[in-house]
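The next block holds one structure in the form of structure tokens; read it before the comments.
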Amino acid sequence: MRMLMKSNNPNILIVDDKLENLITLERLLEHFDVDLIRASSGKEALAHLLDNDFALVLLDVKMPDMDGYEVAELMRGNSRTKQIPIIFVTAESRGDALIFKGYEAGAVDYLLKPLNASIFRSKVGVFVDLYNQKHALKLKTLEFDQKLAELEELQQQLEETNEQLLMLSTTDGLTSLYNRRKFDDIYLEEWQRASRSQNPISLVMLDIDHFKLYNDTYGHHKGDDCLRTIASALQAMDIRHLDKIARIGGEEFAVILPDTDGDGAMLVAERARIAIENLNIPHETQFSKVTASFGVSSVVPKRELTPKFLMKAVDEALYESKKRGRNGSTLKLLKYGKEQPLAM
Ligand SMILES: Nc1nc2c(ncn2[C@@H]2O[C@H](COP(=O)(O)OP(=O)(O)OP(=O)(O)O)[C@@H](O)[C@H]2O)c(=O)[nH]1
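Sequence positions in the sequence shown follow UniProt numbering and run 1 to 344.
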């Protein structure tokens with residue numbers, strides 16, 4: 001037992017207008033690990049109650065100015081103090097009516113003086129234990145909340161890492177466009193959608209002209225810069241939200257165009273061809289600048305067709321553009337499994 005406040009021990013407030021009674025209570029509570037706080041009036045008691053947390057209040061009934069019942073009632077009316085247990089300690093027994101009045105005022109017990117030391121101590125002990133348990137639970141709850149917050153933060157980090165991983169696995173490191181794997185996934189999805197809706201689907205594939213020569217002339221780093229610049233130019237094109245651009249090979253790009261027929265796809269290819277030409281990247285070819293050749297293919301998917309047909313057609317169309325002198329586009333339309341080339 002200590003008279004000092006602000007230790008980690010529970011506080012017990014002892015309220016009595018007579019000093020000798022306070023001293024008696026203190027002696028009785030000597031062996032408890034608690035901090036005892038004295039109050040010699042109701043007002044003083046209330047002031048302590050508003051300032052500190054208490055495990056228990058030992059409250060004298062008969063005091064001048066404000067009696068114990070009034071103190072108890074004021075405590076019950078205040079959210080900060082209403083849960084604190086009160087044991088009334090009084091010298092007089094004036095009958096059951098008064099004892100009931102004490103319980104009504106919120107007392108948990110009502111003890112008569114002279115106090116029986118062991119009964120008194122065991123009753124106080126119950127409340128000290130309860131308080132200690134409540135305090136330990138509060139600490140555990142705080143610890144739990146902290147762990148929960150840490151867990152939530154870890155969860156958030158995990159989600160961010162997963163997002164980054166997903167991005168890395170679907171995009172091309174050099175240009176940040178979709179990579180080949182993602183292209184294949186999107187293409188398959190769009191093919192299936194077009195099969196259901198029976199709307200056309202088109203592919204545009206482009207390959208930079210004489211890119212080996214470009215690397216050989218300007219070096220691999222400049223080659224990478226060139227690929228990045230072309231990727232940005234393709235991204236800057238005014239195409240529809242559903243159209244998806246990918247880098248599908250070293251110097252090869254492709255655009256998936258859902259709900260687009262051959263004519264529409266040729267317009268996109270021509271726009272991309274001009275966008276690359278207009279970059280005016282010097283290159284030692286017949287055009288004196290970097291250009292690209294385009295293959296375009298389009299189809300309304302029928303049961304006898306697989307996605308590979310359209311890929312094969314776009315490949316062949318691109319090859320045709322290379323053969324015809326580069327920096328141009330060739331369209332191949334597919335119908336009912338039969339290839340119908342349409343030179344442009
Ligand atoms: N700098 C750079 N070069 C690449 C990259 N990927 C592929 N290449 C190069 O692109 C060149 C492609 O050359 P080829 O397939 O022979 O074709 P080309 O020289 O473009 O000629 P045509 O396609 O016939 O016009 C090769 O030299 C590759 O090394 C890359 O990520 N960065």
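By construction, the Cβ of each residue, glycine as well, lies at the ideal position given by its N, Cα and C atoms.
First and last residue of the uninterrupted alpha helix (DSSP H) at Y319: As a working mapping, residue 319 is identified with position 319 in the sequence shown. First-last of the alpha helix (DSSP H) with Y319: 307 to 323.
For T90, three-class secondary structure by DSSP: Taking the sequence shown and counting its residues from 1, one reaches residue 90 at position 90. Looking at T90 - three-state DSSP - the assignment turns out to be strand.
Among I281, A317, A292, nearest to S298 - alpha-carbon criterion: Here residue 298 refers to the residue found at position 298 when the sequence shown is read from its first residue. Distance check between S298 and each of I281, A317, A292 places A317 closest, using alpha-carbon atoms only.
Distance between beta carbons of L305 and L334, contact taken as under 8 Å: What you label residue 334 is simply residue 334 of the sequence shown in a count that begins at 1. What you label residue 305 is simply residue 305 of the sequence shown in a count that begins at 1. Confirmed, Cβ separation roughly 7 Å.
Simplified DSSP state of T141, which is helix, strand or coil: Residue numbering aside, residue 141 sits at position 141 when the sequence shown is read from its first letter. Residue state, collapsed to three classes: helix.
M266, buried or exposed, once every other Cβ within 10 Å from all chains shown has been counted against 16: As a first step, residue 266 must be located in the sequence shown, where it is residue number 266. Buried, because 16 or more other Cβ atoms sit within 10 Å of the Cβ of M266.
4-residue-minimum alpha helix (DSSP H) runs that sit fully inside the UniProt domain "GGDEF" (199 to 334), ordered along the chain: Runs found: 211 to 218, 220 to 236, 262 to 277, 307 to 323.
Beta-carbon contacts of V126 that lie in its chain and below 7 Å, excluding the five residues immediately before and after: As a first step, residue 126 is located in the sequence shown; it is residue number 126 there, counting from the start. There are no such residues.
Counterpart residues of L56 in DSSP-defined beta bridges: As a first step, residue 56 must be located in the sequence shown, where it is residue number 56. L56 pairs with I12.
Where A231 falls, given that 16 or more other Cβ within 10 Å makes a residue buried: Here residue 231 refers to the residue found at position 231 when the sequence shown is read from its first residue. The residue is buried, with at least 16 neighbouring Cβ atoms inside 10 Å.
CB of V15 within 7 Å of CB of D60, strictly: In the sequence shown, the residue the question calls residue 15 occupies position 15. In the sequence shown, the residue the question calls residue 60 occupies position 60. The Cβ-Cβ distance between V15 and D60 falls below 7 Å.
Sub-7 Å separation of M63 and G77 beta-carbons: Here the question's residue 63 lines up with position 63 in the sequence shown. Here the question's residue 77 lines up with position 77 in the sequence shown. By the CB criterion at 7 Å, M63 and G77 fall outside the cutoff.
Backbone CA spacing between S197 and I248 [nearest angstrom]: Along the sequence shown, read from residue 1 onward, the residue named residue 197 stands at position 197. Along the sequence shown, read from residue 1 onward, the residue named residue 248 stands at position 248. Straight across, the Cα-Cα distance linking S197 with I248 is about 27 Å.
Beta carbon of A246 nearer than 7 Å to that of Y178: Indexing the sequence shown from 1 puts residue 246 at position 246. Indexing the sequence shown from 1 puts residue 178 at position 178. Less than 7 Å separates the beta-carbon of A246 from that of Y178.
Cβ-heavy atom distance, H210 to ligand 1, below 6 Å: Indexing the sequence shown from 1 puts residue 210 at position 210. H210 Cβ: within cutoff of ligand 1.
Any 3 or more C-beta pairs closer than 8 Å across the region 252 to 259 and the region 188 to 204: The answer is yes - the region 188 to 204 touches the region 252 to 259, with three or more Cβ pairs under 8 Å.
Ligand 1 heavy atom lying under 6 Å from the CB of D224: Here residue 224 refers to the residue found at position 224 when the sequence shown is read from its first residue. Checking every heavy atom of ligand 1 against the Cβ of D224, one is found closer than 6 Å.
Under 7 Å between C-beta atoms of K322 and S288: For this step, residue 322 is matched to residue 322 along the sequence shown. For this step, residue 288 is matched to residue 288 along the sequence shown. Their beta carbons are not under 7 Å apart, which means K322 does not touch S288 by this criterion.
Beta-carbon spacing of L25, L50 below 7 Å: Taking the sequence shown and counting its residues from 1, one reaches residue 25 at position 25. Taking the sequence shown and counting its residues from 1, one reaches residue 50 at position 50. With contacts defined as CB atoms closer than 7 Å, L25 and L50 fail to qualify as a contacting pair.
Buried versus exposed call for P258 [16 or more other C-beta atoms within 10 Å across all chains shown]: Taking the sequence shown and counting its residues from 1, the one referred to as residue 258 is at position 258. By the 16-neighbour rule on beta-carbons within 10 angstroms, P258 is buried.
Rounded straight-line distance, which links the Cα of R121 to that of N11: On the sequence shown, residue 11 is found 11 positions in, with the first residue counted as 1. On the sequence shown, residue 121 is found 121 positions in, with the first residue counted as 1. When rounded, the distance between both Cα atoms is 15 Å.
Which residues DSSP lists as bridging A39, in chain order: Position 39 of the sequence shown, counted from the start, is the residue given in the question as residue 39. Per DSSP, V15.
Boundaries (first-last residue) of the alpha helix (DSSP H) holding D109: Locating residue 109 in the sequence shown gives position 109, counting from the first residue. In the DSSP annotation of this structure, D109 is not part of any alpha helix (DSSP H); the continuous beta strand (DSSP E) holding it starts and ends at 109 to 112.
Stretch pair the region 276 to 284 + the region 209 to 221: three plus CB contacts closer than 8 Å: Output reads yes: the region 209 to 221 touches the region 276 to 284.
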